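Residue numbers (our numbering): 36 to 79. Encoded as C-alpha coordinates, the structure appears first; notes follow it.
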Amino acid sequence: METKPTTDRKAAALKWLKRVGVWGFLFFLAKGLVWLALGYWVFK
(Lines of atoms letter the chains of each structure in order from A and count residues from 1; the text may use other names and numbers.)
(Lines give C-alpha, C1' and ligand atoms only; values in the text may rest on other atoms or scores of the structure.)
Protein backbone atom coordinates (compact mmCIF):
# COMPACT_ATOMS: atom_id res chain seq x y z
CA MET A 1 0.00 0.00 0.00
CA GLU A 2 2.91 2.42 0.55
CA THR A 3 3.98 2.19 -3.10
CA LYS A 4 0.79 3.83 -4.38
CA PRO A 5 1.61 7.44 -3.32
CA THR A 6 5.07 7.08 -4.83
CA THR A 7 3.59 5.70 -8.04
CA ASP A 8 1.00 8.49 -8.18
CA ARG A 9 3.66 11.12 -7.55
CA LYS A 10 5.92 9.58 -10.19
CA ALA A 11 3.06 9.45 -12.71
CA ALA A 12 2.16 13.07 -12.00
CA ALA A 13 5.79 14.14 -12.39
CA LEU A 14 6.08 12.23 -15.65
CA LYS A 15 2.87 13.81 -16.96
CA TRP A 16 4.14 17.29 -16.01
CA LEU A 17 7.51 16.59 -17.65
CA LYS A 18 5.84 15.46 -20.86
CA ARG A 19 3.63 18.56 -20.93
CA VAL A 20 6.61 20.86 -20.34
CA GLY A 21 8.60 18.93 -22.92
CA VAL A 22 5.94 19.37 -25.57
CA TRP A 23 5.54 23.09 -24.86
CA GLY A 24 9.31 23.54 -24.69
CA PHE A 25 9.73 21.82 -28.04
CA LEU A 26 7.02 23.94 -29.65
CA PHE A 27 8.49 27.13 -28.18
CA PHE A 28 12.00 26.47 -29.47
CA LEU A 29 10.65 25.28 -32.83
CA ALA A 30 8.72 28.54 -33.26
CA LYS A 31 11.70 30.57 -32.05
CA GLY A 32 14.00 28.84 -34.54
CA LEU A 33 11.59 29.36 -37.41
CA VAL A 34 11.27 33.05 -36.55
CA TRP A 35 15.06 33.44 -36.54
CA LEU A 36 15.35 31.64 -39.88
CA ALA A 37 12.66 33.84 -41.41
CA LEU A 38 14.30 36.97 -39.97
CA GLY A 39 17.69 35.93 -41.35
CA TYR A 40 16.18 35.20 -44.75
CA TRP A 41 14.45 38.59 -44.77
CA VAL A 42 17.60 40.48 -43.73
CA PHE A 43 19.90 38.84 -46.30
CA LYS A 44 17.35 38.78 -49.12
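Backbone N, C-alpha and C define an ideal beta-carbon position, used for all residues, glycine too. Note that the structure is a prediction, hence the values are computed from the model and not measured.
Let me know the secondary structure DSSP gives K79 once reduced to three states.
-> coil
Quick one: grab the DSSP three-state call for K53.
-> helix
Length of the line joining the Cα atoms of W51 and V69 = 27 Å
Please report how far the alpha carbon of G59 lies from the alpha carbon of G67, in whole angstroms.
-> 12 Å
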